[in-house]
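Protein chains in written order, with my numbering: chain S, 69 to 198; chain F, 3 to 399.
Only one structure is covered here, and it is reproduced in the block below.
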Amino acid sequence: MDAGILDYSGEVRHRFETAPRHGRVLAQAHERLAGGAGEPGKGVRVEFEARVRNDRILECRFRAYGCPHVIAAASWVAEHAEGRALGELDWLDPRALAATLEAPAHKLGNLLVVEDAFRACVAGKPAAAG
Amino acid sequence: MTIQAPVYLDYAATTPVDDRVVERMVECLGREGCYANPASSSHGPGRAARGRVEAARREVAAVLGAKPTEIIWTSGATESNNLAIMGAARFHTDRGRHIVTSRTEHKAVLDTCRQLEKEGWQVTYVTPGPGGIVTATEIEPALRTDTVLVSVMHVNNEIGTINDLPPIGALCRARGVLFHVDAAQAVGKLPVNVDTLGADLLSVSAHKVYGPKGVGALYLRGSPRRRLEPLIHGGGHEWGMRSGTLATHQIVGMGEALRIAAAEQAAEAERLGALRRRLWDGIAGLGGVHVNGDAEQRVAGILSVCFEGVEGESLLFGLRNLAVSSGSACTSASREASYVLRALGRDDQLAQSSLRFSLGRFSTVEEVDYAIRVIREQIDRLRGLAPQGGEDGREAM
């Protein structure tokens with residue numbers, strides 16, 4: 069085994085172990101958005117759910133199948149999405165996220181799947197109120 | 003009993019040197035030791051060293067049912083495999099340039115065959131039969147009139163299955179084809195007898211059986227009359243087939259390691275078999291866990307399993323308190339699924355979530371129970387983190 073293959077940053081270790089923001093949101097259908105990206109057969113599948121009101125994310129949760137970087141990235145994205153406007157996406161930059169997580173270059177593809185999953189989530193339309 | 007993590011469950015990769023072996027090796031080191039060059043027959047210390055080397059040769063030969071002159075010292079099973087395959091192929095070029103082996107051999111065999119292909123030999127790689135076991139049924143159709151050598155391992159290093167070698171040996175004998183056996187994972191775990199197997203060449207290693215790394219041996223039937231083309235020249239050691247000053251302490255360690263392993267093999271197999279069943283019983287209840295390879299025809303200490311619904315790298319990291327081997331070749335850039343597991347028909351997801359647990363001489367019930375607890379916790383946790391079938395209609399994993 070290559071030395072360092074399981075050598076993760078403290079941020080990744082913490083999020084892998086504790087998985088903050090993992091799970092599902094409890095929300096009325098009209099306040100709930102969901103979306104995902106990736107294929108388990110290709111090693112990554114990420115799904116996000118968000119509780120939104122007035123186009124603002126009140127709460128965000130993730131579920132992820134993938135390497136520790138994917139789990140950590142999904143957790144980080146879910147945490148940092150809360151409080152933001154739905155249309156606000158500039159903050160989500162996979163390269164910056166890779167730097168935050170100290171992820172190696174070959175993991176960038178996995179982080180792009182995390183980004184795709186989040187964009188799919190916020191692009192979804194909540195069910196009509198009522 | 004306090005468990006000290008990481009718990010070592012990777013005895014098929016290598017083993018610690020047994021204290022009894024260390025004791026013998028130390029006798030050959032230092033100024034008071036038997037340190038002289040075994041080739042220095044002109045003085046007493048040299049002859050003493052030679053005596054230790056030859057005693058070890060007799061030990062190894064006895065374990066394999068061979069004559070001492072049929073044992074050639076090498077640096078390990080990789081070199082033994084190289085010498086057996088390249089040495090036999092190059093020596094017998096006049097007979098033909100075709101070799102038969104299986105897709106699930108160790109890289110030390112496969113890469114050696116690939117090298118010979120670059121030099122003009124043709125190699126047929128047969129797919130194992132059901133359960134990953136190679137039998138004469140797979141080998142026979144691959145034989146040709148110009149086949150020089152068949153090479154099949156005794157025990158698969160990744161999944162622990164035992165190939166059905168005696169019929170292959172008999173087939174080779176009937177066809178006048180040399181039969182090489184990579185027995186690195188078999189010696190000490192099974193009774194290994196070169197006549198029973200019908201082997202003309204057989205590779206063994208010391209470090210798989212609680213001996214030192216850096217020493218191995220190649221059995222060559224009929225040696226030194228029967229010849230191989232050497233890979234290493236200079237000095238004419240080992241009847242001119244493997245030159246280089248003999249490492250007395252390593253060789254003595256190997257002799258003692260194999261002697262102990264053979265003496266304790268039957269009792270150890272029974273103990274390890276019970277531990278392996280305990281491990282399997284402890285994790286099978288998780289569901290979605292599959293044994294890789296035939297469940298019965300396998301050595302006692304190796305359990306290779308794959309887990310549905312968990313990603314391999316996360317699994318390995320989650321289980322970092324267990325020293326186990328994964329079912330994928332980890333590199334900095336990718337995790338390529340094991341070629342052995344793929345040859346068995348496992349898809350990439352299952353191959354990547356495969357783990358090999360290999361138990362050994364110092365494994366305990368407490369360690370196995372600890373491993374079961376950790377595995378159950380991590381599999382449950384990772385499956386819990388994963389999507390279970392999304393709103394977009396995907397199937398649950």
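Yeah, the Cβ is synthetic: ideal placement off N, Cα and C, and Gly gets one too.
This structure is a prediction, so every number in the text was calculated from the model and none was measured.
Close Cβ partners of residue i (< 7 angstroms) along its chain, the five nearest in sequence each way excluded
i, result
"Ala-63 of chain F", "Lys-69, Pro-70, Glu-72 and Ile-73"
"Pro-389 of chain F", "none"
"Arg-385 of chain F", "Gly-311 and Val-312"
"Leu-160 of chain S", "Val-145, Glu-183 and Phe-186"
"Leu-145 of chain F", "Val-102, Arg-177 and Val-179"
"Asn-39 of chain F", "Gly-48, Ala-51 and Thr-247"
"Cys-115 of chain F", "Ile-87, Ile-101, Thr-103 and Val-125"
"Val-55 of chain F", "Pro-40, Leu-248, Thr-250 and Ile-253"
"Ala-91 of chain F", "Ile-101, Leu-118, Trp-123, Val-150 and Leu-151"
Own chain partners of residue i with C-beta closer than 8 angstroms, once the 5 adjacent residues on each side are dropped
i, result
"Val-367 of chain F", "Leu-277 and Arg-280"
"Ser-43 of chain F", "Arg-49 and Arg-52"
"Thr-4 of chain F", "none"
"Glu-142 of chain F", "Leu-173"
"Gly-192 of chain S", "Leu-101, Ala-102 and Gly-103"
"Val-293 of chain F", "Trp-282, Leu-305, Ser-306 and Val-307"
Residue i, DSSP secondary structure in three states
i, result
"Trp-123 of chain F", "coil"
"Ala-16 of chain F", "Note that residue 16 of chain F is Thr in the sequence shown, not Ala. Reduced to three states, the DSSP call for Thr-16 of chain F is coil."
"His-137 of chain S", "helix"
"Ile-125 of chain S", "strand"
"Arg-358 of chain F", "strand"
"Glu-457 of chain F", "Because chain F spans 3 through 399 in this model, residue 457 of chain F falls outside it and cannot be assessed."
"His-17 of chain S", "In the structure displayed, chain S extends from 69 to 198; residue 17 of chain S sits before or after that span and is not available."
"Val-217 of chain F", "coil"
"Ala-142 of chain S", "helix"
"Ala-400 of chain F", "Residue 400 of chain F lies beyond the range of chain F shown here (3 to 399); nothing can be said about it."
"Trp-159 of chain S", "coil"
"Arg-244 of chain F", "coil"
"Ala-132 of chain S", "strand"
"Leu-222 of chain F", "strand"
"Ala-153 of chain S", "strand"
"Asp-394 of chain F", "Low confidence applies here, because Asp-394 of chain F scores a pLDDT of 43, under 50, leaving its location unreliable and the question unanswered by this model."
Element boundaries [beta strand (DSSP E), containing residue i]
i, result
"Gly-48 of chain F", "Segment 46-66 is the alpha helix (DSSP H) holding Gly-48 of chain F; no beta strand (DSSP E) there."
"Ser-104 of chain F", "100-104"
Sequence-distant residues of its chain with Cβ nearer than 6 angstroms to residue i (five each side left out)
i, result
"Ser-334 of chain F", "Because the pLDDT of Ser-334 of chain F is 43, which lies under 50, any placement of that residue in the model is unreliable, and the question is left without a value."
"Gly-89 of chain F", "Leu-230 and Glu-231"
"Arg-59 of chain F", "Pro-70 and Ile-73"
"Ser-82 of chain F", "Thr-76, Ser-205, Gly-218 and Leu-220"
"Cys-332 of chain F", "Low confidence applies here, because Cys-332 of chain F scores a pLDDT of 47, under 50, leaving its location unreliable; read the following figure in that light. Taken in chain order, the list of residues that qualify is empty."
"Ala-140 of chain S", "Val-80, Arg-83, Phe-84 and Leu-169"
"Val-291 of chain F", "Ile-285, Val-307 and Phe-309"
"Ala-171 of chain S", "His-137"
Run of the alpha helix (DSSP H) containing residue i, from where it starts to where it stops
i, result
"Tyr-37 of chain F", "First-last for Tyr-37 of chain F: undefined, no H or E at that position."
"Ile-73 of chain F", "Premise fails: Ile-73 of chain F lies in the beta strand (DSSP E), 73-76, not in any alpha helix (DSSP H)."
"Met-27 of chain F", "21-28"
"Gln-380 of chain F", "367-387"
"Asp-184 of chain S", "176-191"
Min CB distance residue i to chain C below 8 angstroms
i, result
"Gln-380 of chain F", "In summary, chain C is missing from the structure at hand, where the protein chains are S and F."
Distance cut-off 7 angstroms: residue i Cβ against heavy atoms of the ligand HEM
i, result
"Ala-188 of chain F", "No copy of the ligand HEM appears in this structure; indeed no ligand is present at all."
Is the stretch 176-189 of chain S touching the stretch 103-111 of chain S in the sense that three or more CB pairs, one from each, lie closer than 8 angstroms?
Yes, they touch.
Output the residue ranges of the beta strand (DSSP E) runs that lie fully inside the stretch 70-118 of chain S and measure 3 residues or longer, sorted by chain position.
Counting whole runs of 3 or more residues, the stretch 70-118 of chain S contains the beta strand (DSSP E) stretches 100-107.
Which runs of the beta strand (DSSP E) spanning at least 3 residues fall entirely within the stretch 128-215 of chain F, listed in chain order?
Qualifying beta strand (DSSP E) stretches, in chain order: 149-155, 180-184 and 203-207.
What alpha helix (DSSP H) runs, 4 residues minimum, are completely inside the stretch 250-332 of chain F?
Unbroken alpha helix (DSSP H) runs of no fewer than 4 residues, entirely contained in the stretch 250-332 of chain F, are found at 250-286 and 314-320, following chain order.
Is there contact here, the stretch 139-155 of chain S with the stretch 118-127 of chain S, by at least three beta-carbon pairs under 8 angstroms?
In short, these stretches touch, since the Cβ pair count reaches three.
Under 8 angstroms, with one C-beta from each stretch per pair, do the stretch 256-274 of chain F and the stretch 294-310 of chain F reach the 3-pair mark?
When C-beta atoms of the stretch 256-274 of chain F are compared with those of the stretch 294-310 of chain F, three or more pairs fall below 8 angstroms, so the two segments count as touching.
For the pair the stretch 337-355 of chain F and the stretch 162-178 of chain S, tell me if three or more CB-CB distances fall below 8 angstroms.
The stretch 337-355 of chain F makes no contact with the stretch 162-178 of chain S; the number of CB pairs closer than 8 angstroms stays below 3.
Any contact of the stretch 85-92 of chain S with the stretch 129-140 of chain S, i.e. 3+ C-beta pairs under 8 angstroms?
Between the stretch 85-92 of chain S and the stretch 129-140 of chain S there are three or more C-beta pairs closer than 8 angstroms, enough to call the two in contact.
Does the structure place the stretch 234-242 of chain F close enough to the stretch 185-200 of chain F that three or more beta carbon pairs sit under 8 angstroms?
Because the criterion of three Cβ pairs below 8 angstroms is not met, the stretch 185-200 of chain F and the stretch 234-242 of chain F do not touch.
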